[in-house]
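Take our numbering: the last position of the sequence shown gets the number 730, and nothing is skipped along the way. From the three backbone atoms N, C-alpha and C, an ideal C-beta is built for every residue, glycine too. Worksheet for the structure shown next.
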Amino acid sequence: MVAWSTPLKTTVSIPTVIPGPFNTPKNSRTTIGATNRSQETSKLSTVAYTLISVYNDELERKMRLFILNPKEEKNSTSAASSHPKVKPAVHVNERKNGALTPPVPPPKPSASDSNKQAAPLLRKRVRRKLTDEEFYSELDSVITPGNPRDVYSIESELGTGASGTVRLGRNKRTGQIVAVKVMKLDKQPNRDLIVSEIAVMKRIQHENIVNYLASYLLRNENQLWVVMEYLDGGALTDVVTETVMAPDVIAAVVRECVKALVFLHDQNIIHRDIKSDNVLLGKQGQVKVTDFGFCAQLGNRQSKRQTMVGTPYWMAPEVVSKTANYGPKIDIWSLGIMIIEMLDGEPPYMNEPPLKAAGIVVEMIRSKKMAGRAVLMAGPPGTGKTAIALAIAQDLGGKVPFCPMVGSEVYSSEIKKTEVLMENFRRAIGFGKTISHVIISLRTAKGVKQLKLDPCIYESLQKEHVEVGDVIYIEANSGAVKRQGRCDVYTAEYDLEADEYVPLPKGEVHKKKDVVQDVTLHDLDVANARPQGGQDIVSMMDKLRKEINKVVNKYIDQGIAELVPGVLFIDEVHMLDIECFTYLHRALESTIAPIVIFATNRGKCTIRGTEDIISPHGIPLDLLDRVMIIRTLPYSCEEVIQILRIRAQTEGIKVSEQAFTCLATVATDTTLRYAVQLLTPACRLAQLSGRDEVEPSDIEEVRSLFLNAKQSAKILTEHENQFMR
6 MVAWSTPLKT TVSIPTVIPG PFNTPKNSRT TIGATNRSQE TSKLSTVAYT LISVYNDELE
66 RKMRLFILNP KEEKNSTSAA SSHPKVKPAV HVNERKNGAL TPPVPPPKPS ASDSNKQAAP
126 LLRKRVRRKL TDEEFYSELD SVITPGNPRD VYSIESELGT GASGTVRLGR NKRTGQIVAV
186 KVMKLDKQPN RDLIVSEIAV MKRIQHENIV NYLASYLLRN ENQLWVVMEY LDGGALTDVV
246 TETVMAPDVI AAVVRECVKA LVFLHDQNII HRDIKSDNVL LGKQGQVKVT DFGFCAQLGN
306 RQSKRQTMVG TPYWMAPEVV SKTANYGPKI DIWSLGIMII EMLDGEPPYM NEPPLKAAGI
366 VVEMIRSKKM AGRAVLMAGP PGTGKTAIAL AIAQDLGGKV PFCPMVGSEV YSSEIKKTEV
426 LMENFRRAIG FGKTISHVII SLRTAKGVKQ LKLDPCIYES LQKEHVEVGD VIYIEANSGA
486 VKRQGRCDVY TAEYDLEADE YVPLPKGEVH KKKDVVQDVT LHDLDVANAR PQGGQDIVSM
546 MDKLRKEINK VVNKYIDQGI AELVPGVLFI DEVHMLDIEC FTYLHRALES TIAPIVIFAT
606 NRGKCTIRGT EDIISPHGIP LDLLDRVMII RTLPYSCEEV IQILRIRAQT EGIKVSEQAF
666 TCLATVATDT TLRYAVQLLT PACRLAQLSG RDEVEPSDIE EVRSLFLNAK QSAKILTEHE
726 NQFMR
């Protein structure tokens, strides 16, 4: 590796980084430009966490300040003036007596100032998904006309991602080396974002942004080529994971990223996916931000956003909550996380054992190498077992079925326990039917056309009782079918007819798109059983399921369908009895089985349905031997405070720092659930006292009014004679 220069300049000397594996072992990261590392790392770490903790509406102003090495502070004004729209630099943290101190919050605007300009009303906008014709029409308006093979020659492959393959290209006329991203349009889950990304990239040109050159559409191959500026140093991730970066070098990299964010935010653009993967380096010292797939354009009508997009470990709390509106400041949160990533080699919490294990499970599910296996999350109450299961479901996306249930749900007087388990098993198995069309002939005054329509439209035709000779209307966007009536050509068929006769339609018959239908095996069971009574008391017969399995296997063998093993989450698995465990043991061995995730907070206890068989977690040893066990541990005090902050922000409750510390102590002594439950009553007490912020006195008063489980059990023990048995 080429050593990084330690002097701080506007352009940093970047090492030679070749994409791919490094010779340096990952667990012994090479130190680059490190001088007095422990002291400087501590200082920069404070800056990183300040970027995250000092997180308010004035942070956009603070963001326009460069993070510089302390010995270069005198050059901050000249560095800032290199960008015409940036004000002279003022540090996020000022130094006093050689130490970093928190910044002084800016003065709040007066009431008269706030009345000068009323905030615009925010309206939640629902974006309609584009049809094929609309998508290609909008794409044609932003792409470059012509054939890219006439302009560029494609050479080696640089990498492969979820949206396509990036290849090295060369301009045949000028010899310029470029990066060409080749995307298969039929493989894109969010094609609408492609149009907005290209439109944004065409408008922005900056020294710290990977510049857009051209884009081409190859309709015959259903491909989109996006030609970008090529940086020969690779991604910042390669440096982060293989080396230890010196604080002054980290500060210089962050300064260049801040320049890019200042420019984007001046253009009312938020990036929403700042991380080391999306920062590219050049051998000549360039630092540039790339990947605008998740960017958003703000305006007067929509100055905030609410969509949850981005990469989980780098996402700000507002983005994750889905309820709070957010603006440009979320990029600063991600920038702070990226600083921690450069210091530690990974973002916060990524290497926590439960999360790391869950991440491996997700990758095994995606690669379809975990079907028929089970996972057990074992830990005390309030350690995040259900949260991790829900996070797994969120990470897998909407196409992978996720079916949650509680162990006690199997006990019913109407349906057998094993039937409830099998029903949930089949809910968690997706069946992607790739039958491409249903043939239907439509006739108008100008002629007849035979169309191939989606199978779901066939269901709509059945629901409307459509027959030959009916006049129908098929909505192209949703596939909804509406029967208009009987064609007047058939008026002489019967003497008496209840149908309304309408004239034969005039004009052309238009052909629209086809889509793929995703269902679960349980949906197929219900559709084929056609119960006459209530669905909740009908038990599906094994014979019917076997016939459906035969049809499914036949479609899979023919290549016209695929099976998507989903996730069945069974919480409180210790509530199942020995009969259910025996059934689960057999079901996991079947050829069609989902991934099963168990959760329990029990230690050694008696297995339900037995009298004296004690087993860990209340699960039989033979089944326990089949599961991969993930241990969850109680949260630390700092983690509890962070969870309480997010919960208070979600519920719109203002809590003082002292009250958060008090609640964290309560959670440590009792449970996290109990501490969270005290938030709303404490807020109500504060309002009755004429305050809008919860104080420690409110927490103590509420705690005296509402008992936790340990206090209640102690009272029962002490006053056992006063209660009925």
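Start and end residues, alpha helix (DSSP H) containing residue i
i    : result
F665 : 662-674
I209 : No alpha helix (DSSP H) holds I209; DSSP gives it neither H nor E.
N429 : 422-432
K390 : 390-401
R591 : 583-592
W338 : 335-349
P570 : Careful: P570 lies outside any alpha helix (DSSP H), inside the beta strand (DSSP E) at 566-570.
K264 : 252-271
Y679 : 677-682
I602 : I602 -> not in any alpha helix (DSSP H); beta strand (DSSP E) instead, spanning 600-605.
M369 : 358-371
Close beta carbons around residue i, own chain, < 8 Å, minus the five adjacent residues each side
i    : result
G608 : P621, H622
F299 : L198, H276, R277, D278, V314, G315
L426 : V415, C585, Y588, L589, A592
N227 : K189, L190, D191
V471 : I477, V486, R488
Residue i and residue j closer than 8 Å at C-beta
i    : j    : result
R491 : G474 : yes
G387 : R636 : no
L303 : I337 : no
V660 : V699 : yes
D674 : A691 : no
A265 : V245 : no
P677 : I648 : First, the amino acid is wrong: residue 677 is Leu here, not Pro. Closer than 8 Å, so yes.
A240 : L190 : no
I344 : V367 : no
I651 : P317 : no
R405 : I370 : Strictly speaking, residue 405 in this sequence is Val, with Arg absent from that position. Yes; because the gap between Cβ atoms is below 8 Å, this pair is in contact.
G435 : G571 : yes
S220 : V205 : no
V557 : A566 : yes
E662 : T685 : no
T242 : D282 : yes
V185 : R172 : yes
Where residue i falls, given that 16 or more other Cβ within 10 Å makes a residue buried
i    : result
E247 : buried
P252 : buried
N356 : exposed
Q291 : buried
N429 : buried
F728 : exposed
Y506 : exposed
D697 : exposed
I255 : buried
C642 : exposed
A257 : buried
E723 : exposed
K551 : exposed
E261 : buried
F711 : exposed
D617 : exposed
Neighbourhood of residue i by C-beta, 6 Å cutoff - its chain only, sequence neighbours within 5 removed
i    : result
R432 : C408, T525, H527
E143 : V200
L340 : I279
A669 : C642, V645, I646
V476 : Q489, G490, C492, V507
R389 : Residue 389 is actually Gly in this sequence, not Arg. Hits under 6 Å: T637.
E234 : V215, N216
Residue i - containing beta strand (DSSP E), residue span
i    : result
I3   : Residue 3 lies beyond the residue range present for the chain, which begins at 6 and ends at 730; the question has no answer from this structure.
K487 : 486-492
D475 : 475-479
Q228 : 228-234
A219 : 217-223
Cβ-based neighbour list, residue i, same chain, cut-off 7 Å, excluding 5 preceding and 5 following
i    : result
L581 : G412, V415, R613
I634 : L381, A383
N533 : L549, I553
Y478 : K487, Q489
Worksheet item: Is it true that the region 597-605 meets the region 349-357, where meeting means three or more beta-carbon pairs spaced less than 8 Å apart?
Response: no
Discussion item. Under 8 Å, with one C-beta from each stretch per pair, do the region 157-175 and the region 200-212 reach the 3-pair mark?
Written reply: no
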